[in-house]
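To start, the structure under review is shown below, and the notes come after it.
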Amino acid sequence: MLSVFGTLTAGGALTAGTGAFSSVQADRDIEVNVAGDASAYLGIVPASGPNGAYADVNGGPLTLDFTGSNDNIGGSLSGGTGVNSDAITYFESVFEIRNNGTQEVDVMVSPLTFFDTASGDILLALLIPDMTFPGNFTLGVGDAKMFHVVIASIGDATSSGPSINGTIDIVAEATP
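Counting along the sequence shown from 1, when you hit position 121 you're at 121 in the numbering used here, and nothing is skipped either side.
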């Protein structure tokens, strides 16, 4: 009986094969869409509250604008054109980074600080991620991190004073 079972097993292996092959050529379709920051796998979007008006995606990359030329706030703030001189202004919940992908990611945001001086006046902008400092954090699928902005104007930093115009780097990598 044992010898019959061994023969059947060996015969089954011969008919099943090993799965090895010498060559394969296969044509497959690929589709790739480029999406704006709001609907990309790593979503970068304005916050839903009133301070989200300082962030804009307008179908493309996120921009932060705390100037009087920001069309999102022009009429809604009775003509305000910028932050106060010699003051610290805090904007809670300006934008968020959301993981719209299929796996957990480690995210790094830099720089978090922007700085300019003119005629002894100082202008400083600081991006503050919710509950994390510095700007390194992990996002699970569907998770998001809210960012706040603090702007400090030291001295009489009016329109002829310092200004900030910079770029934020956002890097996300799948966790191991």
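Where a beta carbon is used, it is the ideal one built from N, C-alpha and C, also for glycine.
Quiz item: Across which residues does DSSP place residue 99 in a beta bridge pair?
Solution: Paired residues: 42.
Self-check item: Paired residues, beta bridge with residue 62 - DSSP
Solution: DSSP output for residue 62 lists no bridge partner at all.
Quiz item: Between the beta-carbon of residue 103 and the beta-carbon of residue 149, is there less than 8 Å?
Solution: no
Quiz item: What did DSSP end up calling residue 176 once you bin it into helix, strand or coil?
Solution: coil
Quiz item: When DSSP builds the beta bridges, which residues end up paired with residue 112?
Solution: According to DSSP, residue 112 bridges with nothing at all.
Exercise. Pick out whichever of 147, 67 and 128 has its Cα sitting closest to the Cα of residue 98.
Key: 147
Self-check item: Close Cβ partners of residue 174 (< 6 Å) along its chain, the five nearest in sequence each way excluded
Solution: Cβ neighbours of residue 174 within its own chain (closer than 6 Å, five residues either side excluded): 103 and 105.
Practice problem: Determine the extent of the beta strand (DSSP E) in which residue 151 is found, giving its start and end residues. | Solution: 144–154
Self-check item: Residue(s) in a DSSP beta bridge with residue 129
Solution: 147
Practice problem: With a 10 Å radius around its C-beta and 16 neighbouring C-beta atoms as the bar for buried, classify residue 169 as buried or exposed. | Solution: exposed
Quiz item: Cα-Cα, which of 151, 85, 63 and 72 is closest to residue 44?
Solution: Checked all of 151, 85, 63 and 72; the closest Cα to residue 44 is 63.
Practice problem: With a cut-off of 8 Å on the beta carbons, I'd call residue 49 and residue 110 a contact; round off their distance for me. | Solution: In this structure residue 49 is not in contact with residue 110, their Cβ atoms being roughly 25 Å apart against a cut-off of 8 Å.
Self-check item: Contact set for residue 108: own chain, Cβ-Cβ below 7 Å, skip 5 residues either direction
Solution: Excluding its 5 nearest sequence neighbours in each direction, residue 108 has C-beta neighbours in its own chain below 7 Å: 135, 136 and 171, listed in chain order.
Practice problem: Please state whether DSSP places residue 51 in a helix, a strand or coil. | Solution: helix
Quiz prompt | Outcome for residue 21 when other beta-carbon atoms lying within 10 angstroms are tallied against a minimum of 16 | solution = exposed
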